[in-house]
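By my numbering, the letter at position 7 of the sequence shown is numbered 12, and the numbering carries on one by one without gaps.
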Amino acid sequence: MNIISFITFCIEHYAKHTGKTGDVVYQLFKREKLIEMLENDYDDLHGMGTEYLMQFIDEYLDNEFCEQYDKNKSCDHSNIRSIIVPNIVNMISEKYHITEMEAMDKFYTSATGGSYADDETGLCGQSALFVFGLFCEEQEGI
6 MNIISFITFC IEHYAKHTGK TGDVVYQLFK REKLIEMLEN DYDDLHGMGT EYLMQFIDEY
66 LDNEFCEQYD KNKSCDHSNI RSIIVPNIVN MISEKYHITE MEAMDKFYTS ATGGSYADDE
126 TGLCGQSALF VFGLFCEEQE GI
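Put into structure tokens, the structure is as follows:
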């Protein structure tokens, strides 16, 4: 698992763990500098089990963020997203000639990224290529 896949895995599984959506968790991780920490400590953390990672993240965040965000519906598709989002991020990185970290930021902070994280929009079941196409249309104002 590469760093982007690992960070996406943590985002999507933490979303499921807390009943939030991936875009909300991404913003939290970014604000709390957790993405940087996950990237820097990748070698130590990527072999840990999911339950341990969730516990580690809970402790890191000290469980205070739950009250700072609106309650979102539980994410039932986090496993699917943790596989598909890295592909979308890679396509964004290649198309826009930016790093994968910048591409991940662009995706999770876009309207498409937010819609993809919301199980009610129907985007979650779509392919990476379809979601990438929507993202590109959004970026180009189509």
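C-beta: ideal position from N, C-alpha, C; glycine also. Here the structure is a predicted model, which is why all the values come from computation and not from measurement.
Return the residue from the list the options that minimises the CA-CA distance to residue i.
i	options	result
A116	I12, L43, L66 and E145	E145
N7	H22, R36, Q60 and S87	S87
D48	L33, D63, I12 and E56	I12
H22	L128, E56 and V136	E56
M59	A133, C141 and F14	F14
Verify whether the separation of the beta carbon atoms of residue i and residue j is less than 9 Å.
i	j	result
G27	Y113	yes
F135	M96	no
Tell me which residues share the same chain as residue i and place their Cβ nearer than 8 Å to its Cβ, disregarding the 5 neighbours each side in the sequence.
i	result
Y65	E37, L39 and M42
M53	F61
E143	S115, A116 and T117
E72	With a pLDDT of only 41 at E72, under the threshold of 50, the placement of this residue in the model should not be trusted, and no figure is reported.
E44	I8, I12 and M106
Residues in the same chain with beta-carbon distance under 6 Å from residue i, minus the five sequence neighbours each way, listed in chain order, please.
i	result
D75	Residue confidence is low: D75 scores 38 on pLDDT, short of 50, so the model does not pin down where it sits. No coordinate-derived value is stated.
A122	T26, G27 and D28
S79	At S79, the pLDDT of 44 sits below 50, so the modelled position is not reliable; the number obtained from the coordinates is stated separately. Around S79: G24.
Q131	none
Y31	I16 and Y113
Could you name the residues of the same chain whose beta carbon sits closer than 7 Å to that of residue i, not counting the 5 residues immediately before and after it, in chain order?
i	result
I9	P91, V94, E105 and M109
F34	I16 and I40
S98	T104, E105 and A108
L139	T117
H51	M6 and F11
K111	I97
For residue i and residue j, which I take to be in contact (beta-carbon distance under 8 Å), what is that distance rounded to the nearest angstrom?
i	j	result
I62	Y19	5 Å
The ligand NAP and residue i: does any heavy atom of the ligand fall closer than 8 Å to the residue's C-beta?
i	result
S98	In the structure on display, the ligand NAP does not appear, and there are no ligands present to speak of.
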